[in-house]
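K.L.:
Take this structure first; my questions come after.
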Amino acid sequence: MYEPQDTKKGKFYNQNLPRTILAIIFAVILVSCGYSTSVLLLCHLDVNSIFNKIYPTSIPNIDNQLQCENSERIWRYQKCWDEQHNPLF
């Protein structure tokens, strides 16, 4: 026997199918671009170079010029400066 089809369901499906496919394609493109960007950034990031750089810093427990210069550091701006301070110290 003939059964009538639900035309609302078919119409809804036919109208939203292109939107759903477009959303899925957009999501795949977005995820793949994000992944590619992450991989490129992580490959070019050199974590060891951050910790191997030497930074000048003020030494807090040396408060006079003679004591500073005897420890082979530089007296400047009323502070004792160490020009070869390692951040891992």
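According to the numbering used here, the sequence shown is numbered sequentially starting from -13. Even for Gly, the Cβ is constructed at its ideal location relative to N, Cα and C.
Could you pull the start and end residues of the beta strand (DSSP E) that Ser57 belongs to?
P.N.:
Where Ser57 is concerned, there is no enclosing beta strand (DSSP E), given that its DSSP letter is neither H nor E.
K.L.:
So, helix, strand or coil for Ile40, using DSSP?
P.N.:
Ile40: coil per DSSP, three-state reduction.
K.L.:
Output the distance between the C-alpha atoms of Arg59 and Asp32, rounded to the nearest integer angstrom.
P.N.:
Distance between the alpha carbons of Arg59 and Asp32 is about 30 angstroms.
K.L.:
Could you check which residue in Cys29, Lys39, Ile11 and Asp68 has the C-alpha nearest to that of Ile48?
P.N.:
Here the closest residue by C-alpha is Asp68.
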